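J.: Take this structure, written in structure tokens, and hold onto it; I'll ask about it next.
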Amino acid sequence: MPGPAPGRVRVAVSDNGPGLAPEVARSLFMPFTTTKSEGLGLGLVICRDIVSDFGGTLEAEPPCGPEPGGSLFVITLEQAA
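Numbering-wise (our numbering), the sequence shown opens with residue 960 and increments by one.
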């Protein structure tokens, strides 16, 4: 995972689960898209919008570890003065 641009910070959150299927990864941030039987499909959309309100981004990236699977989400924000 490359470092952030100057004046930006990155927070990475990862797990060691089965990872994201390509068709799921393509629609992660689309409202009302869920793989859960009782999910609303709004969690990541709300998270992305909150981060965006602070001038940042929320992205799903391919895992960078040696083990297969897992998910990696990266929040990038402006560095505080």
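C-beta: ideal position from N, C-alpha, C; glycine also. Model, not experiment: these values are computed from the prediction.
(1) My assumption, with CB atoms under 8 Å, is that C1023 sits in contact with L1031. Please give the rounded CB distance.
(2) Comparing alpha-carbon positions, which option in G1000, G978 and G962 lies nearest F988?
(3) Using DSSP bridges, identify the partner residues of T1035.
(4) In whole angstroms, what separates the C-alpha of D1012 from that of P1021?
(5) Does the CB of V968 have a neighbour CB from chain D at under 9 Å?
(6) Below 8 Å on the Cβ atoms is my guess for G1015 versus T992; work out the distance and round it to an integer in Å.
T.: Result, derived from the coordinates:
(1) 7 Å
(2) G1000
(3) R969 and T1016
(4) 25 Å
(5) Going by chain labels, chain D is absent from the structure shown, which holds only one protein chain.
(6) Contact flag wrong, Cβ pair sits at about 22 Å.
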